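Residue numbers (the working numbering): 390 to 704. Even glycine gets a Cβ: it sits at the ideal position worked out from N, Cα and C. Since we're looking at a predicted model, the values are computed, not measured. Only one structure is covered here, and it is reproduced in the block below.
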Amino acid sequence: MPKKTLIVGACGQIGTELTLALRSRCGSESVIASDIREGQQELMRSGPFVQLDATDKAAIREVLESNEISDVYLMAAMLSATAEKNPATAWDLNMGSLLNILELARSGKFNKLFWPSSIAVFGPSTPRTNTPQSTVMEPTTVYGISKLAGEGWCAYYHRKFGVDVRSIRYPGLISWKAQPGGGTTDYAVEIYQEALSSGTYQCFVKEDTRLPMMYMEDAISGTLQLMDAPSAGITVRSSYNLGALSFTPAQMAESIRSHMPDFRISYAPDYRQEIAETWPESIDDSKAREDWGWHPRFGLEDITREMLSRLRTKS
Ligand code: AKB
Numbered sequence: 390m391p392k393k394t395l396i397v398g399a400c401g402q403i404g405t406e407l408t409l410a411l412r413s414r415c416g417s418e419s420v421i422a423s424d425i426r427e428g429q430q431e432l433m434r435s436g437p438f439v440q441l442d443a444t445d446k447a448a449i450r451e452v453l454e455s456n457e458i459s460d461v462y463l464m465a466a467m468l469s470a471t472a473e474k475n476p477a478t479a480w481d482l483n484m485g486s487l488l489n490i491l492e493l494a495r496s497g498k499f500n501k502l503f504w505p506s507s508i509a510v511f512g513p514s515t516p517r518t519n520t521p522q523s524t525v526m527e528p529t530t531v532y533g534i535s536k537l538a539g540e541g542w543c544a545y546y547h548r549k550f551g552v553d554v555r556s557i558r559y560p561g562l563i564s565w566k567a568q569p570g571g572g573t574t575d576y577a578v579e580i581y582q583e584a585l586s587s588g589t590y591q592c593f594v595k596e597d598t599r600l601p602m603m604y605m606e607d608a609i610s611g612t613l614q615l616m617d618a619p620s621a622g623i624t625v626r627s628s629y630n631l632g633a634l635s636f637t638p639a640q641m642a643e644s645i646r647s648h649m650p651d652f653r654i655s656y657a658p659d660y661r662q663e664i665a666e667t668w669p670e671s672i673d674d675s676k677a678r679e680d681w682g683w684h685p686r687f688g689l690e691d692i693t694r695e696m697l698s699r700l701r702t703k704s
């Protein structure tokens with residue numbers, strides 16, 4: 390029986406590209422996409438889709454049992470900005486879905502789990518530059534609190550029950566295929582979309598807000614690399630720091646202006662500024678590099694070139 394994969398939350402920003410990458414690697418039929426609602430056409434046409442609520446344990450169990458799933462990627466989550474507006478719902482979704490899936494893993498319903506964490510696990514008391522893998526963690530957002538608690542649960546299920554769970558603390562992710570959904574770092578995608586549609590962008594964080602970022606292609610390769618790594622070499626079972634590069638909105642604007650000299654940016658910081666200020670500026674990812682060979686490929690100029698040309702041909 391060939392190995393099958395289930396992606397829960399397949400229609401989001403990461404889920405969409407992860408599903409497409411896994412399908413081109415392992416064959417369409419062996420990767421089942423699921424989400425609470427249907428996603429974009431390319432994803433829906435590329436292979437099987439099951440409508441699934443990430444918090445519905447019985448429904449997930451049914452899909453696992455009837456498809457002999459070996460690997461699960463649990464990508465469903467409410468991100469930082471939206472979660473601040475719906476704290477209780479965010480907690481229920483982010484924690485409920487993880488605890489259900491960890492229980493299903495413990496009872497042997499599948500073999501390997503990927504669960505995304507975030508730089509949001511860090512807070513204002515964390516060293517902001519080159520943030521270490523293990524350090525002070527006092528997140529101030531609901532999203533960050535849920536991700537930090539989730540990391541603890543992952544490490545616990547691994548230690549106590551031997552669950553093979555793997556995780557990455559994603560920075561802000563920049564991609565053109567699927568929209569980001571309610572994060573603080575969404576400006577790093579919107580800036581390219583607005584540059585092309587109107588030639589201007591009003592940014593909701595200040596010009597000198599420096600955050601860790603990554604191009605989606607790097608994030609997907611890192612995720613697959615971690616999932617491919619031999620279990621014995623994975624020394625972090627909470628979640629790995631993963632860095633690529635850090636920049637400010639002003640630097641992004643400058644990079645866009647090298648292709649579109651008339652592009653204009655203005656700044657109107659809102660509640661997301663406060664969130665951004667509690668997150669690291671840059672990340673020490675030496676553990677991921679040592680343990681499973683992580684190395685990012687895309688710099689800011691590569692990202693700008695790719696984003697502008699991909700978004701142009703998409704529209
Ligand atoms: C967010 O901004 O909430 C996410 C994240 C950094 O996890 N993109």
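- The stretch 630-646 and the stretch 599-609 touch, with no fewer than 3 CB-CB distances between them shorter than 8 Å.
- By the C-beta density criterion, E431 is exposed, having fewer than 16 other C-beta atoms within 10 angstroms.
- For W480, the enclosing alpha helix (DSSP H) has its first and last residue at 476-495.
- Residue side-chain check: G688 keeps its Cβ at 6 Å or more from all non-hydrogen atoms of ligand 1.
- Within the stretch 435-464, the complete alpha helix (DSSP H) runs of at least 4 residues fall at 446-456.
- With a cutoff of 7 Å on beta-carbon distance, L441 and S423 are scored as near each other.
- Under the three-state reduction of DSSP output, L562 falls in the strand class.
- Proximity of the beta carbon of L468 to ligand 1 is indicated: a heavy atom of the ligand is located closer than 6 Å.
- Q402 and T524 have their alpha carbons spaced roughly 28 Å apart.
- Here the distance from the Cβ of G572 to the nearest heavy atom of ligand 1 is below 6 Å.
- Distance from S556 to S506 at the Cβ level is roughly 5 Å; contact confirmed, criterion being Cβ atoms closer than 8 Å.
- In the DSSP annotation of this structure, P521 is not part of any alpha helix (DSSP H), being labelled neither H nor E.
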